[in-house]
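A.B. asks: Mind having a look at this structure? Questions to follow.
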Amino acid sequence: MFSMEEIQRIRDEFPILARKINQNQLVYLDNGASSQKPRQVIDAIDNFYQSEYANVHRGLHHLSNIATEKYEEVRNKIARFINAKNTDEIIYTSGSTEGINIVAYSWAWPRLKAGDEIILSVLEHHANIVPWNFLRERSGIVIKWVEPDQFGNLEPLAFQDQITDKTKLISVTQVSNVLGTVVDVKSIIEIGHNFGIPVLVDASQSAVHQAIDVQNLDVDFLVFTGHKIYGPTASGALYVKEEHLGNFVPFKGGGDMIDEVTRDHITYAKPPRMLEAGTPAIAQMIGLGVAIDYVTALGMNKIQAHEKSVRDYALERFAELNWLKLHGSPKDQAAIFSFTMGEVAHPHDLSTILDQKGIAVRAGHHCAQPLMNFLGVNATCRASFALYNTKEEVDKLVDGLILCRKLFD
Ligand code: PLP
271 MFSMEEIQRI RDEFPILARK INQNQLVYLD NGASSQKPRQ VIDAIDNFYQ SEYANVHRGL
331 HHLSNIATEK YEEVRNKIAR FINAKNTDEI IYTSGSTEGI NIVAYSWAWP RLKAGDEIIL
391 SVLEHHANIV PWNFLRERSG IVIKWVEPDQ FGNLEPLAFQ DQITDKTKLI SVTQVSNVLG
451 TVVDVKSIIE IGHNFGIPVL VDASQSAVHQ AIDVQNLDVD FLVFTGHKIY GPTASGALYV
511 KEEHLGNFVP FKGGGDMIDE VTRDHITYAK PPRMLEAGTP AIAQMIGLGV AIDYVTALGM
571 NKIQAHEKSV RDYALERFAE LNWLKLHGSP KDQAAIFSFT MGEVAHPHDL STILDQKGIA
631 VRAGHHCAQP LMNFLGVNAT CRASFALYNT KEEVDKLVDG LILCRKLFD
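Numbering (my numbering), first residue to last: 271 to 679.
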C-alpha cells in the first residue's frame, strides 16, 4: 500500500493531474481507455527527440547506435516485466490489437482450416473478437463462446465444456475492461494444455494492475498495450512462447524483417524481427521502457494493494446508492466499474454531467458489444481507476452521481 505522502508524490509526477477541467480539479477515471503519463515518460521521449533521435538498426553512425541500443534494451525490460525466458519471445507491437492480429494472421491463418474451432469468452474486447471473425469469414473457422455467470465471473470449466477435437485455440482476457472481472487464466491455460490446445491471454487491462508471469502461467501467447500502463500510444508487446516462434509466418512485409532479397527470392529474418517490418515506433517503445521502469520501481504488488483499497472503498460507497445499477460483482475485481441508472438517465448524459465537475469517465459499449448484449444494455458508464487515484476521488465521483440523480429526478 502507498502512504498518503507516496500517493501525493506519485500524483505530482503526472503533470496532467494538476489540470482543471470546467473549473474543477481533474478527476481522471478513464484509465481503462488509456492512462496518463508520468513526467519520466514524457521527459524520456522529449530527450530522445531533442538529442538522441535517429532510425534504428543498420545505421553505423553514433546516433543510430544510441537509438538502436535504447530501443532494443526495452526488449529486455519487457521480458523481465512479464518474466519471459528470453528476449526473442518479445515481439514489439503498436498495442494489443496488433498483437492479436499477428497471432491471427501469422500463426492461426496458415494452420486453421474450415471447421476448426477457437474459443472466446463473451467478456472480450472487440480486439479479441474481430481478428478471429476475419478467419471465420475467410477460412470458415468456427468461434465458440463461453458466457460469464450472472456476477460476471468466467468459470474455467466452462471452457472445457466447449472443447472438441476441432478446438485449435482459446483466446481470453485476463481482466474485463467493462466489469473488472479478474479471470482465472491460469486454470484456463491448464485446461487448454490438458487437451493440447494453446491459449492466448489478453493482458491489456491486467498488466497495469497486477504482476504478470508468463512462465508461471505457462501461457502460449500474451498481449499488452503500452498506453494503458502509463506509456505512449503505439507501443506494446506480444509474447510468444519459444516453442511456437518457428510456427509463425511473416505478418507485414517490408524493411527490417528480411534476411535476403533478390529479384526472384526472399528469405526472412527469424522472429521477433520477422514480425516487425518497417521503421518502428522508436520513441514510443523507449517511452514504454521508462513506463515499465516506473511501475517496477513502485512495485506491482504495492500498486495492486493500493488499487484494491480504492476498489473496496468504491464498492462501499456505491452500495449507498441504491438507485445505481452496478453491472457485475465478480469474485475478484480490478478497480473497474460499469454502472447505469436504468431508465432515469442515459450513460452519455451521466458522463457529460460528471465532466462538468471535472470527472472523466467513459460511456458507451466499451468495444464489448457481445457483453453489452449479454448484460441487456446498449451502453454503460465506466469508471476505471489507476495507481494515482484516491478515495477522495471516489467521493467526488459519488457526489457527482448523486447530483446526476437529483437532476434527473
Ligand atoms: N483488450 C482489452 C481488454 C482492452 O481493454 C483494449 C483496449 O481498450 C484492447 C484489447 C485493445 O488495446 P489497443 O487499442 O491498445 O490495441
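Heads up, the beta-carbon is just placed ideally off N, CA and C, and yes, glycines get one too.
Measure the CB-CB distance between P541 and L515 and report whether it falls below 7 Å.
C.D. replies: yes
A.B. asks: I believe R675 touches W593 by the beta-carbon criterion, under 8 Å. Please report the beta-carbon distance rounded to the nearest angstrom.
C.D. replies: 6 Å
A.B. asks: In this structure, how does DSSP classify A653 when only helix, strand and coil are distinguished?
C.D. replies: strand
A.B. asks: Three Cβ pairs or more, each shorter than 8 Å: is that satisfied between the region 636 to 644 and the region 284 to 301?
C.D. replies: no
A.B. asks: On the CB-based measure, 16 or more other CB atoms within 10 Å of its CB, does A551 come out buried or exposed?
C.D. replies: buried
A.B. asks: Considering Cα atoms alone, identify which of A374, E387, L568 and G523 is closest to A481.
C.D. replies: L568
A.B. asks: Once DSSP output is grouped into helix, strand and coil, what is the label at V469?
C.D. replies: strand
A.B. asks: For P600 and G450, which I take to be in contact (beta-carbon distance under 8 Å), what is that distance rounded to the nearest angstrom?
C.D. replies: Their Cβ separation, rounded to whole angstroms, is 7 Å, which keeps P600 and G450 in contact under 8 Å.
A.B. asks: Are there 16 or more other CB atoms within 10 angstroms of the CB of S321, so buried, or fewer, so exposed?
C.D. replies: It is exposed - the Cβ of S321 has fewer than 16 other Cβ atoms within 10 Å.
A.B. asks: On the DSSP bridge list, what partners appear for T363?
C.D. replies: G506
A.B. asks: Among residues of its own chain, excluding the 5 on either side of M555, which ones have a beta-carbon nearer than 7 Å to its beta-carbon?
C.D. replies: Y341, V344, Y362 and S505
A.B. asks: Using three-state DSSP, classify H514 as helix, strand or coil.
C.D. replies: helix
A.B. asks: Compute the distance between the beta-carbons of N403 and Q626, then report whether it is under 7 Å.
C.D. replies: no
A.B. asks: Buried or exposed: T537, going by 16 or more other Cβ atoms within 10 Å of its Cβ?
C.D. replies: exposed
A.B. asks: Among the candidates K436, V469 and T443, whose CA atom is the shortest distance from the CA of G410?
C.D. replies: Per the Cα distances, K436.
A.B. asks: Taking only three categories from DSSP, how would you classify E586?
C.D. replies: Of the three classes helix, strand and coil, the one that applies to E586 here is helix, per DSSP.
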